[in-house]
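Chains as they are written, first to last, in my numbering: chain A, 3 to 341; chain B, 3 to 341.
This is the structure:
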């Protein structure tokens, strides 16, 4: 088991990151230029294959072992009336994942991925961040470590999803702490809170930002004070994937907020991650812009669970199928561009 | 074999269209509301399943038989130097389709579709539309009929693709004829023509619009005078699909221009069609806006062949998998929204 003995030890791991393999990416691009199509006419499909190659360090890359890991956690801030659903739904949905009834079960099968679910201390919600740090340092590091250990070392690609009633409030608080703007800027309706609930959500975020103001200069302390166990686990898993050179597809607003602190420690911390989709959750577009991420899909989804990124896996499979299966101009005896 | 004896007979078929099955769509929406997710949180995936149900007249809809038909044609307007590739590439790519080396071969396999290719009189290019109508009435009706007959009556969904050197020029000319603006508005770089080639393309379109000005009030004559056989076939196949209640995924700029004349005859003519993707070809965004179509994907693709729509098939499969496979709140014992 990974153990980070302190925030400083975790921080050191966040700062010492490997780079991608530019040769593998260049090899993909060279082959793409020989395939029977106008140059770059497969657009983002071509870019995606080069990106996979860069992080897998292999040309062609492969997608034999795609993993989806969904982390679940409970949130004390639900006491502030920030969600349209009761907190027990988190555990109920974990049971639904186990019995195969959730959206992510269907999407994992559809995209040929292995699905695993990690429920993180559901019986012990994080503290209400309007009153105390959501997690103390030990709790935070334990959740980060749980995420860090959740990946198979031989995964070719990983999707990190989340389930946690109240977690769009935590996500919006993290985003506001890192990028400014307060509760009004990143809070949205989450699972469908009404107008009064949205006001409570904004107020809770502002109260949390005020309470923890002294620690907001430290991105990891932001994640501990305002986040949640499933968000910390996604941060840990994304970090572990970088060190293991496993490309990551980021899901929606909560997942993006979970990994955002990494970019405040190192601007290139998410180069091994691609935004799978743009969520309909209000703050996601803004957060992606802050991070300079360009989502593959925009399907008005806002479910979490890794669902949007799972659909994006299908796009990557299509991209790889073209890259490996197409004939070159020479093989197919097709004339190139006019001189 | 379908035979339209005259443009008027074809026009009559374009005007007498069946409607979708609102009950089937409502049945899908009702089930979506019971599934273990916040209402409408799967966004366009939910809408897509309802749309499939509406046109198949079945709830749930199915995607057992998905067909991709690629039509190929040659264009006399290539004499004007409008393409980056020589005209013989059309036939070479048809051979590439036959031997399985093109992008659409890989994408058809990836999305579980049957691929068929119909080469339409490649040895007899259409006339150069700057000098004469691309097709006379008989040639046009024959190409429409070829498309009309290309569908299997038991298809659950069809993607219509095209291959034809020079056909983005034909498509831009049709779009300009229907929606105004001349050669400058819809002409783009196609397969990658240079700046001089783009100027020649715009000039050719303007010359065609001028030469055929007297007939541009008639959308079907626009398609005959400025289009091409593969575009006419896509129009015919889209019309046949409507009458057979088969939903259609539209591909890129050329395919969209091919079916645009139908909407000038009846505003709801494309209700059974969904725009699979937004192409990077310059005129596509504008043309989709004119048609009120909202593409599912935006992946910077610009290949044609049905490639963008084939990737969109994967999204529909994911959507249907969720719809049919997910548990309801009651089945999974998950609490609903707080009252």
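Even for Gly, the Cβ is constructed at its ideal location relative to N, Cα and C.
Note that the coordinates shown come from a computational prediction; the quantities given were computed from them, not determined experimentally.
Unbroken alpha helix (DSSP H) run spanning residue i, endpoints
i	result
residue 106 of chain A	105-112
residue 118 of chain B	Not the alpha helix (DSSP H): residue 118 of chain B falls in the beta strand (DSSP E), residues 115-121.
residue 284 of chain A	Careful: residue 284 of chain A lies outside any alpha helix (DSSP H) and carries neither H nor E.
residue 94 of chain A	91-101
residue 260 of chain B	255-267
Residues that DSSP places opposite residue i in a beta bridge
i	result
residue 128 of chain B	B:77
residue 163 of chain B	B:72
residue 301 of chain A	In DSSP, residue 301 of chain A forms no bridge with anything.
residue 330 of chain A	A:37
residue 275 of chain B	B:250
Element boundaries [beta strand (DSSP E), containing residue i]
i	result
residue 295 of chain A	Note, residue 295 of chain A: premise wrong, no beta strand (DSSP E); not H, not E.
residue 250 of chain B	250-252
Q. Counting pairs of Cβ atoms below 8 Å between the stretch 193-207 of chain B and the stretch 102-111 of chain B, do you hit three or more?
A. The stretch 193-207 of chain B and the stretch 102-111 of chain B do not touch, with fewer than 3 CB-CB distances between them shorter than 8 Å.
Q.
Below 8 Å, how does it come out for the stretch 82-92 of chain B and the stretch 167-179 of chain B: are there three or more Cβ pairs, yes or no?
A. Between the stretch 82-92 of chain B and the stretch 167-179 of chain B there are three or more C-beta pairs closer than 8 Å, enough to call the two in contact.
Q | Contact between the stretch 283-291 of chain A and the stretch 320-331 of chain A (3+ Cβ pairs under 8 Å) | A | Verdict: no, contact absent.
Q: Check whether the stretch 24-38 of chain B touches the stretch 212-219 of chain B, taking contact to mean three or more Cβ pairs, one atom from each stretch, closer than 8 Å.
A: No, they do not touch.
Q | Positions along the stretch 324-336 of chain B whose CB lies within less than 7 Å of some CB in chain A | A | Near chain A, meaning a CB-to-CB distance below 7 Å, the residues of the stretch 324-336 of chain B are 324, 327, 328, 329, 333, 334, 335 and 336.
**Q.** Meets three-Cβ-pair contact criterion under 8 Å: the stretch 301-315 of chain A and the stretch 250-268 of chain A
**A.** A contact is defined here as three or more CB-CB pairs under 8 Å, and the stretch 301-315 of chain A meets this definition with respect to the stretch 250-268 of chain A.
Q. Can you give, in chain order, each stretch of the alpha helix (DSSP H) that sits fully within the stretch 195-245 of chain B and has at least 4 residues?
A. The alpha helix (DSSP H) runs of length 4 or more contained entirely in the stretch 195-245 of chain B are, from start to end of the chain, 197-213 and 221-228.
Q: Output, in sequence order along the chain, the residues in the stretch 19-50 of chain B whose CB is closer than 7 Å to any CB in chain A.
A: Correct list: 38, 39, 40, 41, 43, 44, 45, 46 and 47.
Q) Could you give the uninterrupted runs of the alpha helix (DSSP H) lying entirely in the stretch 6-53 of chain B, keeping only those of 4 residues or more? A) If only uninterrupted alpha helix (DSSP H) runs of at least 4 residues are considered, those enclosed by the stretch 6-53 of chain B are 9-17 and 24-36.
Q: Check whether the stretch 92-108 of chain A touches the stretch 186-194 of chain A, counting contact only when three or more Cβ pairs, one atom from each stretch, lie closer than 8 Å.
A: The stretch 92-108 of chain A and the stretch 186-194 of chain A do not touch, with fewer than 3 CB-CB distances between them shorter than 8 Å.
Q. Counting Cβ pairs closer than 8 Å, one from the stretch 57-76 of chain A and one from the stretch 278-285 of chain A, do we hit at least three?
A. Contact fails: fewer than three Cβ-Cβ distances are below 8 Å.
Q: Quick one: which unbroken beta strand (DSSP E) runs of 3-plus residues sit fully inside the stretch 144-194 of chain A? Chain order, please.
A: Unbroken beta strand (DSSP E) runs of no fewer than 3 residues, entirely contained in the stretch 144-194 of chain A, are found at 159-165, following chain order.
Q) What residues in the stretch 137-158 of chain A have a beta carbon less than 9 Å from any beta carbon of chain B? A) Legend: CB atoms of the stretch 137-158 of chain A lying less than 9 Å from CB atoms of chain B are not found in any residue.
Q.
Could you check whether the stretch 47-55 of chain B touches the stretch 133-146 of chain B, counting it as contact only if at least three pairs of C-beta atoms, one from each stretch, sit closer than 8 Å?
A. In short, these stretches do not touch, since the Cβ pair count stays below three.
Q. Got a sec: which bits of the stretch 280-305 of chain A sit with their beta carbon under 8 Å from any beta carbon on chain B, in order along the chain?
A. So the list reads 282, 298, 299, 300, 301, 302, 303, 304 and 305, given in the order they occur along the chain.
Q. Using Cβ-Cβ distances below 9 Å, what residues of the stretch 87-99 of chain A are close to chain B?
A. Under the 9 Å Cβ criterion, the stretch 87-99 of chain A contributes 87, 88, 90, 91, 94, 95, 97 and 98.
Q | Three-pair Cβ contact test at 8 Å for the stretch 30-50 of chain A versus the stretch 7-21 of chain A | A | No, the stretch 30-50 of chain A does not touch the stretch 7-21 of chain A.
Q) Between the stretch 107-141 of chain B and chain A, which residues of the former have a C-beta closer than 9 Å to a C-beta of the latter? A) Residues of the stretch 107-141 of chain B with a Cβ closer than 9 Å to any Cβ of chain A, in chain order: 107, 108, 109, 111, 112 and 113.
**Q.** chain A contacts made by the stretch 178-198 of chain B, where a contact means CB separation under 7 Å
**A.** Along the stretch 178-198 of chain B, the positions whose C-beta sits under 7 Å from a C-beta of chain A are 193 and 194, read in chain order.
Q: Kindly confirm or deny that the stretch 238-250 of chain A and the stretch 148-160 of chain A touch, where touching means at least three C-beta pairs closer than 8 Å.
A: The count of Cβ pairs closer than 8 Å, one atom from the stretch 238-250 of chain A and one from the stretch 148-160 of chain A, reaches three, so the stretches are in contact.
Q.
So if I threshold CB-CB distances at 8 Å, which residues from the stretch 310-325 of chain A count as touching chain B?
A. Here the close residues are 312, 313, 316, 317, 319, 320, 323 and 324.
Q) Which residues, taken in chain order from the stretch 225-257 of chain A, show a beta carbon closer than 8 Å to some beta carbon of chain B? A) Result list empty, no residue passes.
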